[in-house]
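As structure tokens, the structure follows; a few thoughts come after it.
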Amino acid sequence: MDIASLSHGLIEVTTWQDRLLQWLERIYASPKMYQWSLGNPFTRWITKRRTQKIFDLMSGFVYSQVLLGCVRLDLFKMLHQRPLSLQQISLQTQLPAEALQRLLLSAVSLGLLEYRSHQRFGLGALGVPLAVHSGIGAMVEHNHLLYRDMEDPLAFLNNAWRGSMAEYWPYAHDAQAAERAAQEKFSRYSDLMASSQEFVVQEILGSYYFEEHRCVLDVGAGKGRFASELALHAKHLSIKLFDLPPVLELAKATFQSKGLIDRLDLCPGNFLHDPLPQGADLVTLVRVAHDHPDAVVQQLLQKIHDALPAGGTLLLAEPMANTYSQGVDGLTQTDAYFHFYLLAMGAGRLRTPEELMGMMRKAGFMGVEQVPNNMPIHAQILLGRKHKCLP
Ligand SMILES: C[S@@+](CC[C@H](N)C(=O)[O-])C[C@H]1O[C@@H](n2cnc3c(N)ncnc32)[C@H](O)[C@@H]1O
Numbered sequence: 576m577d578i579a580s581l582s583h584g585l586i587e588v589t590t591w592q593d594r595l596l597q598w599l600e601r602i603y604a605s606p607k608m609y610q611w612s613l614g615n616p617f618t619r620w621i622t623k624r625r626t627q628k629i630f631d632l633m634s635g636f637v638y639s640q641v642l643l644g645c646v647r648l649d650l651f652k653m654l655h656q657r658p659l660s661l662q663q664i665s666l667q668t669q670l671p672a673e674a675l676q677r678l679l680l681s682a683v684s685l686g687l688l689e690y691r692s693h694q695r696f697g698l699g700a701l702g703v704p705l706a707v708h709s710g711i712g713a714m715v716e717h718n719h720l721l722y723r724d725m726e727d728p729l730a731f732l733n734n735a736w737r738g739s740m741a742e743y744w745p746y747a748h749d750a751q752a753a754e755r756a757a758q759e760k761f762s763r764y765s766d767l768m769a770s771s772q773e774f775v776v777q778e779i780l781g782s783y784y785f786e787e788h789r790c791v792l793d794v795g796a797g798k799g800r801f802a803s804e805l806a807l808h809a810k811h812l813s814i815k816l817f818d819l820p821p822v823l824e825l826a827k828a829t830f831q832s833k834g835l836i837d838r839l840d841l842c843p844g845n846f847l848h849d850p851l852p853q854g855a856d857l858v859t860l861v862r863v864a865h866d867h868p869d870a871v872v873q874q875l876l877q878k879i880h881d882a883l884p885a886g887g888t889l890l891l892a893e894p895m896a897n898t899y900s901q902g903v904d905g906l907t908q909t910d911a912y913f914h915f916y917l918l919a920m921g922a923g924r925l926r927t928p929e930e931l932m933g934m935m936r937k938a939g940f941m942g943v944e945q946v947p948n949n950m951p952i953h954a955q956i957l958l959g960r961k962h963k964c965l966p
């Protein structure tokens, strides 16, 4: 919802939709109706599902801590090798069996682990991805910083940039971060981004056809994980990377280790102050816009437009907000995470595809469209083209 459109005054309820929703609200609130719906085979599942959802919201913190406990004990990798009994896990983790049992039973109830024969524990359906994708475990560990900052949610809303997350992301607060912050800080966030990028890379490479392009400029490239996998995927492409100087040093090492250094052109700079390099016919902007306030994103889109040749393309990919009307059954639950994550980090925000497309059009892009992809929870993808006609 656009903040500018929120009214400060008291609004009279006028539409039939409002009246219908108020009527439904009264029905939901009635204890008699609750009992009736539980007794009715057609409505029972709705009421049970709602109750379960409320319980899940209330217990979410415990669920996250169970997950973090399993990650810290390396349980998922351990049980991926072979199922183990409580005593065997206790021996390996050095945790007393009685206490460990609580963690294991909780993990079973959450679908992270499951029972196997001979009283052993194995991986549950939700534990398998954690065993094979180290990036998920890295994000679970990292989220701990966010949850620490959010311990008092209202104090957090009043003072979001005082916590550990703000300290973790130096550029999100300091336009001179590249000169002032220690290299270790850039390595730390770049490692996290590289490890969590696996799923985003799959979404982009599986949704867009790169054959028509010749040279790609990845802006905010991080350690170069996306760009190096793109280089392996589309072998005809030459690659330019733009990021803060301390980060591009890390990207250089990535390209060297994959034998791709001959196809790489490193362009260190700060998009707040510097123009972007020319020469690429495709610019990619992956998980960058949501870190920055509107004015910075608009200026960056303008710089990308200026750097592209006529007919050049911008591909923007990042997690995006879902429309307000999708309700609790849609994907909106992921919005809550990103709204708070981006607030704790800095001045960026989660935007809807429509908002970003509007900003791209304002920067001069034509034919702006959303590219459908399989798993929008990781990233949604937008495309825009620079006009081919002479100004
Ligand atoms: C969230 S990370 C995303 C990295 C990578 N694209 C990915 O998806 O993993 C944002 C990247 O933008 C870079 N960045 C942030 N502000 C920048 C600026 N003012 N100029 C250049 N790069 C910047 C950061 O250094 C970081 O590598």
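Sequential numbering of the sequence shown, starting at 576, is according to the working numbering. In this text, a Cβ means the ideal position worked out from N, Cα and C, and glycines have one as well. Remember, predicted model here, so these are calculated numbers, not experimental data.
Legend entry - Contact test: Ser765 Cβ vs ligand 1 heavy atom, cutoff 7 Å: yes
Inset, instruction - Compute the beta-carbon to beta-carbon distance between Leu643 and His719, rounded to the nearest angstrom, for a pair I have assumed lies under 8 Å. - result: 6 Å
Inset, instruction - Determine the DSSP secondary structure at Pro843, reduced to helix, strand or coil. - result: strand
Legend entry - Leu889 Cβ short of 7 Å to ligand 1 heavy atom set: no
Inset, instruction - Check whether the Cβ of Ala756 sits closer than 7 Å to any heavy atom of ligand 1, and report yes or no. - result: no
Legend entry - Met941 versus Arg960 - alpha carbon distance: 5 Å
Inset, instruction - For Asn615, count neighbouring C-beta atoms within 10 Å of its own C-beta (all shown protein chains included) and say buried if the count is 16 or more, exposed if not. - result: exposed
Inset, instruction - Whole angstroms is fine: what's the gap from His865's alpha carbon to Trp598's? - result: 38 Å
Inset, instruction - Using three-state DSSP, classify Ser770 as helix, strand or coil. - result: helix
Legend entry - Cβ-heavy atom distance, Gln908 to ligand 1, below 7 Å: no
Inset, instruction - Spell out the partners DSSP gives Thr859 in its beta bridges. - result: Asp793, Leu890
Inset, instruction - To the nearest angstrom, report how far apart Glu773 and Tyr746 are at their CA atoms. - result: 23 Å
Legend entry - For Asp724 and Ala735, the rounded distance between their alpha carbons: 8 Å
Inset, instruction - Name the two residues that bound the continuous alpha helix (DSSP H) containing Phe630. - result: 619-647
Inset, instruction - Thinking Thr859 and Leu890 are a contact (beta carbons under 8 Å), I'd like their distance in whole angstroms, please. - result: 5 Å
Legend entry - As assigned by DSSP and simplified to three states, the class of Ile952: coil
Legend entry - Cα-Cα separation between Trp591 and Arg601, rounded to whole angstroms: 15 Å
Inset, instruction - In the DSSP assignment, find the beta strand (DSSP E) that holds Gln945 and state where it starts and stops. - result: 941-946
Inset, instruction - Pull up the distance between the alpha-carbon of Pro850 and that of Ala882, whole angstroms please. - result: 8 Å
Inset, instruction - With a threshold of 16 other CB atoms inside 10 Å of the CB of Tyr784, please say whether the residue is buried or exposed. - result: exposed
Legend entry - Buried or exposed by the 16-neighbour rule on C-beta atoms within 10 Å, applied to Val903: Interpretation of Val903 is limited by its pLDDT of 47, a score under 50 that renders its predicted location unreliable; the figure taken from the coordinates is listed afterwards. Exposed, because fewer than 16 other Cβ atoms sit within 10 Å of the Cβ of Val903.
Inset, instruction - Closer than 8 Å by C-beta to Leu780: which residues in its own chain qualify, once you throw out the five before and the five after it? Chain order, please. - result: Glu804, Leu805, His808
Inset, instruction - Per DSSP, which residues does Tyr690 bridge with? Please list them. - result: Phe696
Inset, instruction - Compute the distance between the beta-carbons of Leu767 and Ala796, then report whether it is under 8 Å. - result: no
Legend entry - Cβ-Cβ separation, Phe915 to Leu705 (assumed contact under 8 Å), whole Å: Incorrect: roughly 22 Å between the Cβ atoms, too far for contact.
Inset, instruction - Go ahead and pull the three-state DSSP assignment for Gly959. - result: strand
Inset, instruction - Note the first and the last residue of the continuous alpha helix (DSSP H) segment covering Lys937. - result: 928-937
Inset, instruction - Check each residue's C-beta against every heavy atom of ligand 1 and list, in chain order, those closer than 5 Å. - result: Tyr746, Met768, Gln772, Gly795, Gly797, Asp818, Leu819, Val822, Asn845, Phe846, Leu847, Val861, Arg862, Val863
Legend entry - Alpha carbon of Gly699 to alpha carbon of Tyr690, nearest angstrom: 8 Å
Legend entry - Range of the contiguous alpha helix (DSSP H) that encloses Ile602: 591-604
Legend entry - Sequence-distant residues of its chain with Cβ nearer than 7 Å to Gly799 (five each side left out): Leu816, Ala826, Thr829, Phe830
Inset, instruction - Give me the Cα-Cα distance between Asn733 and Ser771, rounded to the nearest whole angstrom. - result: 29 Å
Legend entry - Start and end residues, beta strand (DSSP E) containing Asp818: 813-818
Inset, instruction - Return yes when the Cβ of Phe801 is within less than 8 Å of the Cβ of Val861, no when it is not. - result: yes
Inset, instruction - Out of Ser739, Cys645, Leu839, Gln945, point me to the one whose CA is closest to Leu918's CA. - result: Ser739
Legend entry - Burial state of Tyr764, where buried means 16 or more other Cβ atoms lie within 10 Å: buried
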